[in-house]
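Colleague: Under our numbering, think of the first position of the sequence shown as 16, with each following residue one higher.
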Amino acid sequence: MGEVAPLSVSKKVPLTAQAINLYHQPEHKNKVNQVTDIIDFFGQHYKTPNLIVRAPARINLIGEHTDYNEGFVMPAAIDRTIYFAMGWRAEHSWQLHALDISKSILLKLEEPSLPSEHWAKYFYAILLELRARGWEPKGVHCVFGGDIPSGAGISSSAALTCGFIYALDQLHQWSLDGVEIAKIAQAAEHRVGLNCGIMDQYAVLHGKQGKAIQLDCRSLTHQYAPVEIGDFRFVLFNSMVSHSLADTEYNKRRAACEAVVSFIQQHKPDVQTVRDLNASLLAAYEDQLEPLNVRRVRFVLSENERVLKAAAVLQQGDLKTFGQLMFQSHDGLSKVYEVSCEELDFLVDFVRPFSEQVLGARMMGGGFGGCTLNLIHKDAIDLVYEQLAPAFEAVYGLRPDRHIVQLRDGVSLYPLNVNP
Ligand code: GLA
Numbered sequence: 016m017g018e019v020a021p022l023s024v025s026k027k028v029p030l031t032a033q034a035i036n037l038y039h040q041p042e043h044k045n046k047v048n049q050v051t052d053i054i055d056f057f058g059q060h061y062k063t064p065n066l067i068v069r070a071p072a073r074i075n076l077i078g079e080h081t082d083y084n085e086g087f088v089m090p091a092a093i094d095r096t097i098y099f100a101m102g103w104r105a106e107h108s109w110q111l112h113a114l115d116i117s118k119s120i121l122l123k124l125e126e127p128s129l130p131s132e133h134w135a136k137y138f139y140a141i142l143l144e145l146r147a148r149g150w151e152p153k154g155v156h157c158v159f160g161g162d163i164p165s166g167a168g169i170s171s172s173a174a175l176t177c178g179f180i181y182a183l184d185q186l187h188q189w190s191l192d193g194v195e196i197a198k199i200a201q202a203a204e205h206r207v208g209l210n211c212g213i214m215d216q217y218a219v220l221h222g223k224q225g226k227a228i229q230l231d232c233r234s235l236t237h238q239y240a241p242v243e244i245g246d247f248r249f250v251l252f253n254s255m256v257s258h259s260l261a262d263t264e265y266n267k268r269r270a271a272c273e274a275v276v277s278f279i280q281q282h283k284p285d286v287q288t289v290r291d292l293n294a295s296l297l298a299a300y301e302d303q304l305e306p307l308n309v310r311r312v313r314f315v316l317s318e319n320e321r322v323l324k325a326a327a328v329l330q331q332g333d334l335k336t337f338g339q340l341m342f343q344s345h346d347g348l349s350k351v352y353e354v355s356c357e358e359l360d361f362l363v364d365f366v367r368p369f370s371e372q373v374l375g376a377r378m379m380g381g382g383f384g385g386c387t388l389n390l391i392h393k394d395a396i397d398l399v400y401e402q403l404a405p406a407f408e409a410v411y412g413l414r415p416d417r418h419i420v421q422l423r424d425g426v427s428l429y430p431l432n433v434n435p
């Protein structure tokens, strides 16, 4: 059983010396502004919030479409964040304000269906899910906002759901643990329509500064893997594509894997998920299965192997081999699992010739859009981007956004008494 990141922090967190130092760093200055904007808005419309919660986005170093097959993944929380200010409300309803888009909604649980606003669906689904599990959330005011680009494939929805549940948990003092919060957030996502695995929610909750989370999605236990990348950096290039078919295609991939499992299970009852399969077992039933489904499962088996290899080579500091595994993961996702798109393939193919400067690149997350993850030497980031951006723009008419990211702690309370 791996370490578990501390999730319960006492309600009033003092502004520690360490935190004060952080606020003086230029990167953090911006974060403080985001938090003060949220507190100010809250103060103008309600009173002082009872608490502030920060919830990070995530990247995934390697291990894609393996989580819902009870396989292995290696995600990490990053320094892109949603902040929530939350306080009690006298009425039994939930007043939510999305500061970045200046939209409010009042949720009442008597409503017959999910609200029409996409972002509000997640909150409503969480409230329903909490109730279904026996928790009775009381009414709150909640103002939230931050710097996680939506549709970029870095799990803004997991940050939104996990941050909100964590804030409710702290306020109600239910003492939910990280795995329970992740499961509630995952179930809320299912209610909204994506039949996702648990990687994103788990990563957002259990992130640890400078570490990746080596998660076994069967046992739901993890170890922190050291990520010592020296002069290299994790850089995201955003394909700027947010594919409307992503949820449907994602659910189809999951169904394909499950179809293979349920067929083999008729002959081998011990087989519960793809985790229980291997290449020879698959080969034994191959001629009775849909060939496309067999291809999908083959990819998952190979991706699981890559995660285990990646963990071993990262431990040894072998970044070159790690980078090659990233490229192999991309190739499998693109050609065998078929969840990439032209723009993502372009971004990965463009950086391949920079073999000394870019050790690895791959599409990340569910696919059909979002970002590629690149491992790039810090001195070459500008050079690569200055060639990549115009080349991409010439073909697709848009400049890809770029984000240099750092690995950070998971969801936590944020000091209330910040005075920047
Ligand atoms: C999305 C899902 C995750 C996972 C990835 C693919 O991010 O939310 O559960 O399946 O896609 O690895």
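The C-beta atom is built at its ideal place from N, Cα and C for all residues, glycine as well.
With H, G and I counted as helix, E and B as strand and the rest as coil, what does DSSP make of Asp94?
Modeller: Note: Asp94 maps to strand in three-state DSSP.
Colleague: So, helix, strand or coil for Gln49, using DSSP?
Modeller: Gln49: helix per DSSP, three-state reduction.
Colleague: Leaving out five residues on either side along the sequence, give the residues of the same chain with a beta carbon under 6 Å from the beta carbon of Ile116.
Modeller: Closer than 6 Å at Cβ, skipping near neighbours: no residue.
Colleague: Using only alpha-carbon positions, find the residue among Tyr98, Tyr411, Leu76 that is nearest to Leu374.
Modeller: Nearest of Tyr98, Tyr411, Leu76 to Leu374, Cα basis: Leu76.
Colleague: Between Thr288 and Arg206, what straight-line distance do the alpha-carbon atoms span, to the nearest angstrom?
Modeller: Distance between the alpha carbons of Thr288 and Arg206 is about 22 Å.
Colleague: Does the ligand PLP have even one heavy atom less than 7 Å from the beta-carbon of Asn266?
Modeller: In terms of ligand content, the structure shown lacks the ligand PLP and carries the ligand GLA instead.
Colleague: Can you tell me whether Arg311 is helix, strand or coil according to DSSP?
Modeller: Reduced to three states, the DSSP call for Arg311 is helix.
Colleague: Compare the C-alpha of Phe138 against each of Gly149, Leu124, Trp150, Arg148 and name the closest.
Modeller: Closest by alpha carbon: Leu124.
Colleague: Are the CB atoms of Thr81 and Val211 within a distance shorter than 8 Å?
Modeller: It is Cys, not Val, that sits at residue 211 in the sequence shown. No, the pair does not count as a contact, with Cβ atoms beyond the cut-off.
Colleague: Can you check DSSP and say which residues form a bridge with Leu422?
Modeller: Paired residue(s): Ile93.
Colleague: Tell me which same chain residues have a C-beta within less than 8 Å of the C-beta of Lys226, skipping the five on either side of it?
Modeller: Once the five neighbours on either side are set aside, the close Cβ partners of Lys226 are Ala91, Tyr239, Ala240, Pro241, Val242, Leu422.
Colleague: The beta strand (DSSP E) that contains Ile67, what's its start and end?
Modeller: Residues 66-75.
Colleague: My assumption, with CB atoms under 8 Å, is that His203 sits in contact with Tyr217. Please give the rounded CB distance.
Modeller: The sequence shown places Ala at residue 203, not His. The Cβ separation is near 14 Å, so there is no contact.
Colleague: For Arg414, which of Tyr400, Asp424, His392 has the nearest alpha-carbon?
Modeller: Of the candidates Tyr400, Asp424, His392, the one whose C-alpha sits nearest the C-alpha of Arg414 is Tyr400.
Colleague: I'd like to know whether the C-beta atoms of Arg110 and His156 end up nearer to each other than 8 Å.
Modeller: Correcting the residue type first, residue 110 is Gln in the shown sequence and not Arg. Against a cut-off of 8 Å, the Cβ pair of His156 and Gln110 comes out as a contact.
Colleague: Are there 16 or more other CB atoms within 10 angstroms of the CB of Ala105, so buried, or fewer, so exposed?
Modeller: Looking at its Cβ environment, which holds fewer than 16 other Cβ atoms inside 10 Å, Ala105 is exposed.
Colleague: Following the continuous beta strand (DSSP E) through Leu111, name the residue where it begins and the one where it ends.
Modeller: Leu111 -> beta strand (DSSP E) spans 109-113.
Colleague: Quick check: the Cα distance between Ser119 and Leu191, rounded to an integer number of angstroms?
Modeller: Approximately 27 Å, taken between the alpha carbons.
Colleague: Can you give me the C-alpha to C-alpha distance between Glu408 and Ile391, rounded to a whole angstrom?
Modeller: For Glu408 and Ile391, the distance between alpha carbons rounds to 21 Å.
Colleague: I'd like to confirm the pairing. Which residues does DSSP put opposite Phe337 in its beta bridges?
Modeller: BP columns for Phe337 are empty, so no partner.
Colleague: Just list the residues that DSSP pairs Pro8 with in beta bridges.
Modeller: Since the displayed the chain opens at 16 and closes at 435, residue 8 lies outside it and no answer follows.
Colleague: For Leu340, count the other beta carbons within 10 Å of its own beta carbon; 16 or more makes it buried, fewer makes it exposed. Which is it?
Modeller: Buried.
Colleague: Taking Cβ to Cβ, would you say Val322 is nearer than 8 Å to Gly78?
Modeller: It is a contact, given that the beta carbons lie within the stated cut-off.
Colleague: Is there contact here, the region 355-374 with the region 62-74, by at least three beta-carbon pairs under 8 Å?
Modeller: Taking 8 Å as the limit for Cβ pairs, the verdict is that the region 62-74 does not touch the region 355-374.
Colleague: Is it the case that the region 242-251 contacts the region 301-313, given that we only count it when at least three CB pairs across the two stretches are under 8 Å?
Modeller: Not touching, per the Cβ criterion.
Colleague: Starting from Thr236, trace the beta strand (DSSP E) both ways and give me its first and last residue.
Modeller: Here the beta strand (DSSP E) through Thr236 covers 236-241.
Colleague: Going by alpha carbons, who is nearest to Ser171 out of Cys356, Tyr98, Lys153?
Modeller: Measuring from the Cα of Ser171, the nearest candidate turns out to be Tyr98.
Colleague: When burial is assigned at 16 or more other CB atoms within 10 Å of the CB, is Gly86 buried or exposed?
Modeller: Buried, by the Cβ-count rule.
Colleague: Using the beta carbon as the reference atom, which residues fall closer than 5 Å to any heavy atom of the ligand GLA, ordered along the chain?
Modeller: Here the list is Glu79, His80, Asp82, Cys211, Gly212, Met214, Asp215, Gly380, Gly381.
Colleague: Name the DSSP bridge partner or partners of Asn389?
Modeller: The partner list for Asn389 (beta bridge, DSSP) reads Val250, Ala376.
Colleague: Distance, Cα to Cα, Leu398 vs Gly161?
Modeller: Each residue's Cα considered, the two are about 29 Å apart.
Colleague: With a Cβ-Cβ cutoff of 8 Å, do Ala261 and Phe361 count as a contact?
Modeller: Not closer than 8 Å, so no.
Colleague: Does Leu121 pass the burial test, meaning 16 or more other C-beta atoms within 10 Å, or should it be called exposed?
Modeller: Label assigned to Leu121: exposed.
Colleague: Three-state secondary structure (DSSP) at Cys211?
Modeller: Cys211: coil per DSSP, three-state reduction.
Colleague: Do His345 and Ala325 have their CB atoms nearer than 8 Å?
Modeller: Taking 8 Å as the Cβ cut-off, His345 and Ala325 do not qualify as a contacting pair.
Colleague: At the level of alpha carbons, what is the spacing between Lys136 and Asp94?
Modeller: Whole-angstrom Cα-Cα distance: 25 Å.
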